[in-house]
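Reading through the structure tokens given below for one structure.
Number of protein chains: 2
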Amino acid sequence: MAAKGVKLFGMWASPFALRVEWALKLKGVEYEYVNEDLSNKSEELLRYNPVTKKVPVLVHDGKELAESLVIVEYVDETWKDGYPIMPKDPYERAQARFWAKYAEDKCLPAFFAVYFTTGEAQMKALQETKESLKSLEKALEGKKFFGGETIGYLDVVVGWFPFWVRIVEEIAGIDIVNGEDLPLMNAWFQRFLDVEMVKKSLPPKDKVYELNRARREKLFSGQP
Amino acid sequence: MAAKGVKLFGMWASPFALRVEWALKLKGVEYEYVNEDLSNKSEELLRYNPVTKKVPVLVHDGKELAESLVIVEYVDETWKDGYPIMPKDPYERAQARFWAKYAEDKCLPAFFAVYFTTGEAQMKALQETKESLKSLEKALEGKKFFGGETIGYLDVVVGWFPFWVRIVEEIAGIDIVNGEDLPLMNAWFQRFLDVEMVKKSLPPKDKVYELNRARREKLFSGQP
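One line per chain: the protein sequences are A and B, in this order.
Using this note's numbering, the letters of the first sequence map in sequence onto residues -18 to 205.
Using this note's numbering, the letters of the second sequence map in sequence onto residues -18 to 205.
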């Protein structure tokens, strides 16, 4: 018989695994966390997610799920009497899903490119990141959080930006989000990081800083 | 006051607009279709979807929605007493969303690359397309359709493959899906194309063939 309970396969510095942790914490669901070594993935992870082989993977009562956004919706639908993550109204829900897809397709690759490039390519990526965040900012108009008065689906999806963007700004020595160009986003960054549940769940900043600094250094060390 | 009713901004040969048409037809929702000239988009489309500027866009009682997968879920949730598109069970729903994302992220770009490349690059893309469809085939095991006995969300999402793959096979003169390598997928291709609603909604094959053949020719005419 399949084991009961909830098990999350993540990696301590994975923003995508963190989304699932946030969803579970918002619902008050107890879970076991398995920290994967991504350079030497466990047999269990590969058995549970043979298709993409990526974290996060959630195993609930023996049934496995992959893809962070899919898992977040599953958590919301399964523990449906708990904290509401998705908006109740179908139109609001569609808007949240639209912006989540936009953030994944536009903001994320542009931001990663800022981090993994230098010179002209980096300036182009920086411009794209700012423009895409400016679009995303529309979803914050008149609201404290993307979810309204409290955090919701879209906050969970893009909530890693505030933490990681600040770290990348430090490592790369550039300014990505400030109160002048992106006032709503900048204010939300701080507001989100001040949420008690978020504060308690973030990995140690110095460790994430060091991991990412080393990754970037390694990447560029092989380049002319 | 916002206009009542349902209006779909699409383009007759867009597989993504077709997804939305299928969802609306499954639900029996009446709609007005606006065929966009993608080289000269209407002001209305740009006003309704200023962020990505793409079709499909659905306008329901004056409220606009973009992104085909988001719209399909919205249609299912809004006309919830009609034909069930998403699976009822949250786990099944998560699986359908997982495979939809996989198809978008892996199968689609590989298939497009088959079409827009030649020589070695094309052979590599062909291999990737076949491998990704082999993975996707798992979602068909023991079932007539991805949705089970009848078509559901994942059929709507990947239902354009059967029609377009056959056309690209003809244009590019290569074999992508056959009964030997991909028996379940191959059988589903025919089964999906035989669904009456699908048959009636597909654009004229010769026009799609000609459009795509011309596009490919134009692309390669500028190359050495």
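Glycine included, each C-beta is placed from N, C-alpha and C at the ideal position.
Taking all protein chains shown into account, P90/A has fewer than 16 neighbouring C-beta atoms within 10 Å of its C-beta and is therefore exposed.
Residue pairing of K(-12)/A in beta bridges, as defined by DSSP: E13/A, V40/A. C-alpha of V10/A to C-alpha of P(-4)/B: approximately 40 Å in a straight line.
Taken in chain order, the unbroken stretches of alpha helix (DSSP H) that lie wholly in the stretch 80 to 141 of chain A and span 4 residues or more are 89 to 97, 100 to 118, 134 to 139.
When DSSP states are grouped into helix, strand and coil, E45/B belongs to the strand group. Under the DSSP assignment, D187/B falls in the alpha helix (DSSP H) whose first and last residues are 186 to 202. Taken through DSSP and simplified to helix, strand or coil, A(-6)/A comes out as coil. For the pair L135/B and F144/B, the CB atoms are not nearer than the 9 Å cut-off. Under the 9 Å criterion on CB atoms, K119/A is classed as interfacial with respect to chain B.
Scanning its chain for C-beta atoms nearer than 6 Å, with the 5 sequence neighbours on each side dropped, one finds no residue around A102/B. Taking all protein chains in view, the Cβ of F173/B is crowded by 16 or more other Cβ atoms within 10 Å, so the residue is classified as buried. For K(-15)/A, the closest Cβ of chain B is not nearer than 9 Å. At least one beta carbon of chain B lies nearer than 9 Å to the beta carbon of R78/A.
In this structure, V51/A lies away from K119/B, with their beta-carbon atoms at least 9 Å apart. A residue is called buried once 16 or more other Cβ atoms fall within 10 Å of its Cβ, and M(-8)/A is buried on that count. T59/B places its beta carbon 9 Å or farther from that of P184/A.
Cβ neighbours of S23/A within its own chain (closer than 8 Å, five residues either side excluded): F(-10), V15, E17. Between the beta-carbon of E151/A and that of Y96/A there is about 11 Å, and that puts the pair past the 8 Å contact cut. With a cutoff of 9 Å on beta-carbon distance, V137/B and V146/B are scored as not near each other.
By the rule that beta-carbons nearer than 9 Å mark a contact, I148/B does not touch chain A.
Bounds of any alpha helix (DSSP H) do not take in K61/A, whose DSSP letter is neither H nor E. In this structure, M178/B sits near K6/B, with a CB-CB distance shorter than 9 Å. For V179/A, the enclosing alpha helix (DSSP H) has its first and last residue at 177 to 182. Its Cα nearest to that of V36/B, the residue A47/B stands out among G43/B, D42/B, A47/B. Around E109/A, the same chain offers A91 as residues with beta carbons nearer than 7 Å, after the five sequence neighbours per side are excluded. In terms of beta-carbon proximity, S20/A stays away from the interface with chain B, with every pair separated by 9 Å or more. The beta carbons of C88/B and V139/B sit closer together than 9 Å. Per DSSP, the continuous alpha helix (DSSP H) segment holding N167/A begins and ends at 164 to 174. The beta carbon of M166/B is closer than 6 Å to those of L114, E118, V158 in its chain, skipping five residues each way along the sequence.
By the CB criterion at 9 Å, W141/B and R0/B fall inside the cutoff. The beta carbons of D162/B and K124/B sit about 19 Å from each other, so the pair does not count as a contact at 8 Å. By the Cβ neighbour-count rule, D42/B is exposed, with fewer than 16 other Cβ atoms within 10 Å of its own. Counting only the Cα atoms, I148/B lies some 9 Å from D187/B. In the displayed model, D57/B falls within a helix according to three-state DSSP. A buried status is given to F79/B, since no fewer than 16 other beta-carbon atoms sit within 10 Å of its beta-carbon.
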